[in-house]
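K.L.:
So for the sequence shown, full-length UniProt numbering puts the first residue at 1; every next one is plus one. Take a look at the following structure, please.
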Amino acid sequence: MFLTHWLLLALFCDTYLHVNGWGLVGHSIIVRLAQSQLIDSAPEWIRSLTPWHWNGNLSAMASWADSILYEDNNPTGYANWQWSRMLHYVNIPDWSCDYQPERDCINDQCILGAIKNYTKRLVTEHDHIQQEEALYFLIHFLGDIHQPLHVGFRGDRGGNSVLGTFMNVTSRTNLHALWDVGLIAARLEKDFQKNISLYYDYIYQLMMDETSQIDDNLEQLSEQNINLICSQIYFDENNVTMNASVNFILGEIYYQRNIPIVEQRLVDGGRLLGTLLNRLAKTRPQQPSDKKSKLCSGTIALIVILGLEGVLAIVGGLLIWLRSKKKLSTRYSISEFSRT
Ligand SMILES: [Zn+2]
């Protein structure tokens, strides 16, 4: 039984080996946490930027920015989105252990620049499609920047080239994938019967118990990521530095040491995204999207009225037909009576 579970975990890790970001579960949790924090006009605004049948729920788009990049998910269109690949992370020189915008994020071509640009575009673009795209990129990148290895070393591509095994699973994973999905998958397996709803409830409670101020300084967040990388993430269970030339072997000790960081980052990501969306909803100028939402409700009302008229026409027609049938049968009865 134990082996089967870890085999499943291995497949889970392997499936997401090539995916940038938290993976489906982490991104989905962050977006849902954020939406649980929306107040005032923010939920209606988000609703106006999503298809009506989603009922304003953004979880389906939490990993959209990853899925468009890969042939598996987007076989005929993935090449068109490769320009966005570099916006999911920022690289720093190996073990430089600091972030310098002018060195690491030239012309805003990195995750910090992308968050800044899409935040602006979400409220300044007049085109509705552009607004929607800005929202879908923003909710994803806000999640990515809370995964510490998205501010990573250039030499090993944010830990993607650092290979090894985790929890005695024989197939290899890599350090980046371990932080994207491996640690969360192990947590789900160990303590939540792989039930993501239960896990979400747990993370939601962690968020509600949080009393600290929300820090929205992305440069400071990047520095915190780098501190974690340089002081903890790259150190194995014997405190030996991991690198691309030696396979790591990690297990329970590494998991126990790092899963609290993963969960704190999910909470922080949800809080920051929720705060940002509330702030943008409050400060944004009136957008065509507002008109779209009114148009949508107007269209829905028109459909309801037309539907009702249709029903009334059918009922009216039915009544006329019944009446004429009744008259006819009365006439026949009279003529039959007169024959006798
Ligand atoms: Zn990503």
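C-beta atoms are modelled at their ideal positions from N, C-alpha and C, and glycine is treated no differently.
Could you give the DSSP three-state label for Gly269: helix, strand or coil?
P.N.:
Reduced to three states, the DSSP call for Gly269 is helix.
K.L.:
For Ala134, is the classification buried or exposed, using 16 other Cβ atoms within 10 angstroms of its Cβ as the cut-off for buried?
P.N.:
Result: buried.
K.L.:
Assuming Phe153 and Asn91 form a contact by the criterion Cβ under 8 Å, report the distance between their Cβ atoms to the nearest whole angstrom.
P.N.:
Going by Cβ atoms, the distance from Phe153 to Asn91 rounds to 7 Å, so yes, they are a contact pair.
K.L.:
Using the three-state DSSP reduction, which class does Phe137 fall into: helix, strand or coil?
P.N.:
Residue state, collapsed to three classes: helix.
K.L.:
At a cut-off of 7 Å, would you count His176 as near ligand 1, judging by its Cβ distance to the nearest heavy atom?
P.N.:
Not so, every heavy atom of ligand 1 lies at least 7 Å from the Cβ.
K.L.:
Mapping the DSSP letters down to three states, classify Asn160 as helix, strand or coil.
P.N.:
Of the three classes helix, strand and coil, the one that applies to Asn160 here is coil, per DSSP.
K.L.:
Take every Cβ of the stretch 22-41, pair it with every Cβ of the stretch 141-150, and state whether three or more of those distances are shorter than 8 Å.
P.N.:
Taking 8 Å as the limit for Cβ pairs, the verdict is that the stretch 141-150 does touch the stretch 22-41.
K.L.:
According to DSSP, is Ile249 part of a helix, a strand, or is it coil?
P.N.:
In this structure, Ile249 counts as strand in the three-state DSSP scheme.
K.L.:
Excluding the 5 residues flanking Tyr118 on each side, which residues of the same chain have their C-beta closer than 6 Å to its C-beta?
P.N.:
Closer than 6 Å at Cβ, skipping near neighbours: Ala134, Phe137, Leu138.
K.L.:
Name the two residues that bound the continuous beta strand (DSSP E) containing Asn107.
P.N.:
No beta strand (DSSP E) contains Asn107, which DSSP labels as neither H nor E.
K.L.:
Between Glu132 and the rest of its own chain, which residues show a CB-CB distance below 6 Å, the 5 nearest in sequence each way excluded?
P.N.:
Closer than 6 Å at the Cβ level, and outside the excluded window around Glu132, lie Leu49.
K.L.:
Could you tell me if Met208 is buried or exposed, where buried requires 16 or more neighbouring beta carbons within 10 angstroms of its beta carbon?
P.N.:
Label assigned to Met208: exposed.
K.L.:
Compute the Euclidean distance between the alpha carbons of Arg284 and His126, then round it to the nearest angstrom.
P.N.:
Each residue's Cα considered, the two are about 12 Å apart.
K.L.:
Flag His146 as yes when its Cβ comes closer than 7 Å to any non-hydrogen atom of ligand 1, and as no otherwise.
P.N.:
No, the Cβ of His146 stays beyond 7 Å of every heavy atom of ligand 1.
K.L.:
Could you check whether Val162 and Leu183 sit closer than 8 Å to each other, using their CB atoms as the reference points?
P.N.:
Contact flag unset, no.
K.L.:
For the alpha helix (DSSP H) holding Arg169, just list the boundary residues, first then last.
P.N.:
The amino acid occupying residue 169 in the given sequence is Val; Arg does not appear at that position. Careful: Val169 lies outside any alpha helix (DSSP H) and carries neither H nor E.
K.L.:
State the Cα-Cα distance for the pair Asn238 and Ile39, rounded to the nearest angstrom.
P.N.:
Computed Cα separation, rounded: 47 Å.
K.L.:
Taking Ala42 as the reference, which of Ala281, Asn217, Ile196 has the closest Cα?
P.N.:
Closest option to Ala42, Cα to Cα, is Ala281.
K.L.:
Using a threshold of 7 Å, is the CB atom of Ala62 nearer than that to any non-hydrogen atom of ligand 1?
P.N.:
No, ligand 1 has no heavy atom inside 7 Å of this Cβ.
K.L.:
Report the rounded CA-to-CA distance for Ser293 versus Arg271, giving the unit in angstroms.
P.N.:
Annotation note: pLDDT 48 at Ser293 (below 50); position unreliable, no value reported.
K.L.:
Are the stretch 216-225 and the stretch 195-206 in contact at 8 Å, needing three or more beta carbon pairs?
P.N.:
Cβ pair count under 8 Å is below three, so no.
K.L.:
DSSP state of Asn243, grouped into three classes?
P.N.:
DSSP places Asn243 in coil when its eight states are reduced to three.
K.L.:
If you measure from the CB of Gly21, is any heavy atom of ligand 1 nearer than 7 Å?
P.N.:
Result yes, Cβ under 7 Å from ligand 1.
K.L.:
Where do the N-terminal and C-terminal ends of the alpha helix (DSSP H) with Gly113 fall, by residue?
P.N.:
Element bounds for Gly113: 111-124.
K.L.:
Since Asn91 is in the beta strand (DSSP E), which residue starts that stretch and which ends it?
P.N.:
Where Asn91 is concerned, the enclosing beta strand (DSSP E) stretches over 90-92.
K.L.:
Can you determine whether any heavy atom of ligand 1 sits closer than 7 Å to the C-beta of Ala281, and answer yes or no?
P.N.:
Outside the cutoff, so no.
K.L.:
For Gly182, name the three-state secondary structure that DSSP assigns.
P.N.:
Gly182 falls in the helix class under three-state DSSP.
K.L.:
In chain order, what residues of the same chain lie with their CB nearer than 6 Å to the CB of Ile68, ignoring the 5 residues before and after it?
P.N.:
For Ile68, where only same-chain residues beyond five positions count, the Cβ hits under 6 Å are Asn74, Trp81.
K.L.:
My understanding is that Cys230 touches Trp95, with C-beta atoms under 8 Å, so please give their C-beta distance in whole angstroms.
P.N.:
Sure, about 7 Å apart at Cβ, within 8 Å.
K.L.:
Residue 348 by DSSP, collapsed to three states: which one?
P.N.:
Residue 348 is absent from the model: the chain starts at 1 and stops at 340.
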